[in-house]
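Undergrad: For reference, each letter of the sequence shown is one residue, going 5 to 310 in this note's numbering.
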Amino acid sequence: MLHGPGELFVEEVAEPEGEVVVAVEAATACATDVKCLRYGHIILGPYPARFGHETVGRREDSGERVLVGDSVACGSCPPCGAGRPQLCDRMTWVVGGFAERIAAPAAALHAVPAGLAAAGAAMAEPLAAAVHAVARAGAPAGADAAVLGGGTMGLMLARLLVLEGCDVTLADRHPERRAQARAFGARGVEQLGRHELVLEAVGRPQAWRAAIAAATPGATVVLVGGCPSGSDVTLPAAPLHYAELDVRGAFHHDRAEVDRALALLAGGAVDWRALAGETVGLDGLRDGLLRPAAGEARKLVIDPRV
Ligand SMILES: [Zn+2]
Ligand SMILES: [Zn+2]
Numbered sequence: 005m006l007h008g009p010g011e012l013f014v015e016e017v018a019e020p021e022g023e024v025v026v027a028v029e030a031a032t033a034c035a036t037d038v039k040c041l042r043y044g045h046i047i048l049g050p051y052p053a054r055f056g057h058e059t060v061g062r063r064e065d066s067g068e069r070v071l072v073g074d075s076v077a078c079g080s081c082p083p084c085g086a087g088r089p090q091l092c093d094r095m096t097w098v099v100g101g102f103a104e105r106i107a108a109p110a111a112a113l114h115a116v117p118a119g120l121a122a123a124g125a126a127m128a129e130p131l132a133a134a135v136h137a138v139a140r141a142g143a144p145a146g147a148d149a150a151v152l153g154g155g156t157m158g159l160m161l162a163r164l165l166v167l168e169g170c171d172v173t174l175a176d177r178h179p180e181r182r183a184q185a186r187a188f189g190a191r192g193v194e195q196l197g198r199h200e201l202v203l204e205a206v207g208r209p210q211a212w213r214a215a216i217a218a219a220t221p222g223a224t225v226v227l228v229g230g231c232p233s234g235s236d237v238t239l240p241a242a243p244l245h246y247a248e249l250d251v252r253g254a255f256h257h258d259r260a261e262v263d264r265a266l267a268l269l270a271g272g273a274v275d276w277r278a279l280a281g282e283t284v285g286l287d288g289l290r291d292g293l294l295r296p297a298a299g300e301a302r303k304l305v306i307d308p309r310v
């Protein structure tokens with residue numbers, strides 16, 4: 005339970021109430037969870053708040069293994085009506101995966117393909133966001149595509165672009181992450197040259213500028229990493245205008261993208277084991293989230309049963 009920024013405690017709490025109760029088998033963590041812990045986040049309810057949004061477990065009613073999707077769109081607001089439910093005006097966020105049990109609306113659940121381990125299935129949430137970002141990029145096969153940032157999101161983007169038939173270069177200053185990119189079929193470099201498609205996966209103003217600087221005339225730039233809330237980003241006017249850059253945001257995912265991500269993980273097209281890090285119990289969550297990232301990019305796995 006989060007009691008305020010930085011205040012995380014493992015506590016016995018009342019049983020969660022909702023349409024379906026799921027006994028958690030694995031919840032993976034990402035930078036959003038670190039933000040939740042350190043600063044609070046828009047997806048959190050009022051304190052004391054539960055968090056964790058990449059969650060897989062077993063339905064207590066039917067025993068079925070499910071991914072607990074982290075959002076349910078309303079289906080009736082203007083963005084939902086326009087076929088963009090990831091931008092829903094009245095999104096219901098479903099968080100609380102860092103727990104023994106989580107309650108969720110049935111509409112948030114996805115069946116987990118047989119044979120896919122819980123930690124792998126939990127990664128369908130971030131992978132779905134990568135699937136969405138690649139769809140936003142509209143990458144044609146053979147495109148010269150670049151990814152800026154070799155965290156787990158950058159690596160997922162690189163892998164998906166490789167699967168789309170692109171020629172993919174990933175830039176990261178950590179040699180271990182460049183090696184991970186190579187294992188996914190991409191080129192690993194310290195700094196990007198110039199590319200016809202650039203996906204930014206860092207989430208800092210200077211990285212957004214670097215993504216623009218790495219774009220060839222007429223290129224598409226997709227901003228996948230969210231900058232800290234309240235950020236203003238200054239971008240150079242000349243390439244936006246004279247080089248006719250298409251600069252697009254990519255945020256979140258829809259239900260079909262989550263199912264696509266589950267299928268990619270189950271079929272082995274995206275090797276989740278290459279992105280899985282240490283498994284800890286709830287008692288290890290705080291230290292795991294606050295540990296500085298170094299070396300390879302791997303996701304912390306929380307298993308409340310250990
Ligand atoms: Zn996440
Ligand atoms: Zn809506």
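Glycine is no exception: its CB is placed at the ideal position from the N, C-alpha and C atoms.
For Val166, which of Thr156, His178, Ala187 has the nearest alpha-carbon?
TA: Comparing Cα-Cα distances from Val166 to each of Thr156, His178, Ala187, the minimum goes to Ala187.
Undergrad: For Thr238, count the other beta carbons within 10 Å of its own beta carbon; 16 or more makes it buried, fewer makes it exposed. Which is it?
TA: Looking at its Cβ environment, which holds fewer than 16 other Cβ atoms inside 10 Å, Thr238 is exposed.
Undergrad: Would you say Pro232 touches ligand 1, meaning its beta carbon is less than 7 angstroms from a heavy atom?
TA: Not under cutoff, so the answer is no.
Undergrad: Measuring alpha carbon to alpha carbon, tell me which of Ser80, Pro209, Arg163, Gly207 ends up nearest Gly189.
TA: When each option's Cα is compared against that of Gly189, the closest is Arg163.
Undergrad: Would you decide whether Ala86 is buried or exposed? Buried here means 16 or more other CB atoms lie within 10 Å of its CB.
TA: Its Cβ having fewer than 16 others within 10 Å, Ala86 is exposed.
Undergrad: Which class does Pro50 belong to by DSSP, given the choice of helix, strand or coil?
TA: Coil at Pro50, not helix or strand.
Undergrad: Using 8 angstroms as the cut-off, can you tell me whether the region 126 to 144 makes contact with the region 177 to 187, which would need three or more C-beta pairs spanning the two stretches below that distance?
TA: The region 126 to 144 is not in contact with the region 177 to 187.
Undergrad: Following the continuous alpha helix (DSSP H) through Gly158, name the residue where it begins and the one where it ends.
TA: Segment 156 to 167, the alpha helix (DSSP H) holding Gly158.
Undergrad: Any heavy atom of ligand 2 closer than 7 angstroms to the CB of Ala77?
TA: Yes, ligand 2 has a heavy atom inside 7 angstroms of this Cβ.
Undergrad: Three or more C-beta pairs closer than 8 angstroms, one from the region 69 to 84 and one from the region 105 to 124: is that the case here?
TA: Output reads yes: the region 105 to 124 touches the region 69 to 84.
Undergrad: Let me know the secondary structure DSSP gives Val116 once reduced to three states.
TA: It is coil, neither helix nor strand.
Undergrad: With respect to 7 angstroms, is the separation between the Cβ of His136 and the closest non-hydrogen atom of ligand 1 below this value?
TA: No.
Undergrad: Is Thr36 near ligand 1, judged by its Cβ being under 7 angstroms from some heavy atom?
TA: Yes, since a heavy atom of ligand 1 falls inside the 7 angstroms radius drawn around the Cβ of Thr36.
Undergrad: If you check the beta carbons only, do Pro9 and Arg42 fall under 8 angstroms apart?
TA: Their beta carbons are under 8 angstroms apart, which means Pro9 touches Arg42 by this criterion.
Undergrad: Closest to Lys39 by CA distance: which of Thr283, Gly207, Arg252 is it?
TA: Considering only alpha carbons, the answer is Gly207.
Undergrad: Going by Cα to Cα distance, which pick from Val14, Leu227, Asp65, Ile47 is closest to Glu23?
TA: When each option's Cα is compared against that of Glu23, the closest is Asp65.
Undergrad: With 16 as the cutoff for other CB atoms within 10 Å, does Ser75 come out buried or exposed?
TA: Ser75 comes out buried.
Undergrad: Is Arg252 helix, strand or coil when you go by DSSP?
TA: Arg252 falls in the strand class under three-state DSSP.
Undergrad: Mind the definition here: the region 254 to 261 touches the region 129 to 138 only if three or more C-beta pairs lie below 8 angstroms; say whether that holds.
TA: With the cut-off at 8 angstroms, the region 254 to 261 and the region 129 to 138 touch.
Undergrad: Ordered along the chain, which non-local residues of its own chain (more than five positions away) have a Cβ less than 6 angstroms from that of Arg62?
TA: Same-chain partners within the cutoff: Ala27, Arg69.
Undergrad: According to the Cβ coordinates, are Leu227 and Ala242 closer than 8 angstroms?
TA: No, the Cβ-Cβ distance between Leu227 and Ala242 is not below 8 angstroms.
Undergrad: Give the straight-line distance between the Cα atoms of Gly192 and Cys92, rounded to the nearest whole angstrom.
TA: Near 36 angstroms, if we compare the C-alpha coordinates of Cys92 and Gly192.
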